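Quick note: the sequence shown uses the UniProt record's numbering, first residue 1, plus one each step.
In what follows, a single structure is set out as structure tokens and then discussed.
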Amino acid sequence: MNEKHSYLGKNISTILKRLDRDFLIYTIKVVLGTIIASLFMRYIMEHINFTDVPMIPFFACIGVLVGMEPDRTRAISNVITRNVGTVVAGVTGGLVASFTENIVAISLGIIPYMVFLALLNHRKSIVPGGIFYFAIAYLTTLDNAWMYALNRTIGTVLGTLIGLAINFLIFPPKK
1 MNEKHSYLGK
11 NISTILKRLD
21 RDFLIYTIKV
31 VLGTIIASLF
41 MRYIMEHINF
51 TDVPMIPFFA
61 CIGVLVGMEP
71 DRTRAISNVI
81 TRNVGTVVAG
91 VTGGLVASFT
101 ENIVAISLGI
111 IPYMVFLALL
121 NHRKSIVPGG
131 IFYFAIAYLT
141 TLDNAWMYAL
151 NRTIGTVLGT
161 LIGLAINFLI
171 FPPKK
């Protein structure tokens with residue numbers, strides 16, 4: 001039995017040595033950010049929610065991850081990139097999803113989204129926002145597409161801002 005505990009202790013020690021201090025701080029900040037975002041969405045945003053779509057924490061928690069970069073400039077850039085893509089995808093995804101559930105039409109709907117981002121000079125927003133666009137287009141119904149898009153856009157933007165705030169306030173990045 002004692003040999004087993006010794007073996008377990010050596011493995012835990014080896015694992016902890018491979019995880020540096022910065023990674024452990026990052027992990028704690030992500031967990032704290034997702035807890036705050038989840039509580040905020042569930043207990044504050046849900047109470048001021050004027051739609052019939054619940055304010056679930058899913059997109060806010062993803063947003064928290066976006067704001068957690070070890071570099072201030074990259075963190076801000078990631079949040080801007082994600083939020084520009086999210087807002088444009090929320091509008092285009094909500095528009096398309098409110099008119100059709102046709103797979104071809106939804107796929108073609110990505111074209112104006114991509115063109116608009118290119119015109120805004122935000123091509124880096126195409127992938128993160130494109131994921132959001134398809135989530136909006138496929139995870140809603142015709143009757144609540146706009147409200148679903150609005151709620152998910154608000155959740156994502158709030159999550160990125162919560163992540164950025166936690167990142168900059170608790171063991172802030174050096175650069």
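Glycine included, C-beta positions come from ideal geometry on N, C-alpha and C.
In this text the structure is predicted, and so the values were computed from the model without any measurement.
Take residue i and list the residues in its own chain whose beta-carbon comes closer than 7 angstroms to its own, dropping the five residues that flank it on each side.
i: residue 137; result: 93, 96, 97, 106 and 109
i: residue 46; result: 54 and 55
i: residue 153; result: 86, 87 and 90
Ignore the nearest five residues each way along the sequence and tell me which others in residue i's own chain have a CB closer than 8 angstroms to its CB.
i: residue 22; result: 70
i: residue 18; result: none
According to the neighbour-count rule (16 or more other Cβ atoms, all chains shown, within 10 Å of its Cβ), is residue i buried or exposed?
i: residue 50; result: exposed
i: residue 174; result: exposed
i: residue 132; result: buried
i: residue 43; result: exposed
i: residue 181; result: Limits of the chain in this structure are 1 at one end and 175 at the other, which puts residue 181 out of reach.
i: residue 79; result: buried
i: residue 12; result: exposed
i: residue 125; result: buried
Report yes if the C-beta distance between residue i and residue j is below 8 angstroms; otherwise report no.
i: residue 63; j: residue 160; result: yes
i: residue 117; j: residue 90; result: no
i: residue 158; j: residue 67; result: no
i: residue 59; j: residue 155; result: yes
i: residue 128; j: residue 81; result: yes
Using C-beta distances below 6 angstroms, list every residue in its chain close to residue i, excluding the 5 sequence neighbours before and after it, in chain order.
i: residue 145; result: 94, 97 and 98
Would residue i count as contacting chain D if we go by Cβ distances under 8 angstroms?
i: residue 109; result: The structure shown has no chain D; it contains just one protein chain.
Identify every run of the alpha helix (DSSP H) within the stretch 62-123, keeping only runs that are complete inside it and at least 4 residues long; order them along the chain. 72-99, 103-108 and 110-119
Is it true that the stretch 117-130 meets the stretch 141-153, where meeting means three or more beta-carbon pairs spaced less than 8 angstroms apart? no
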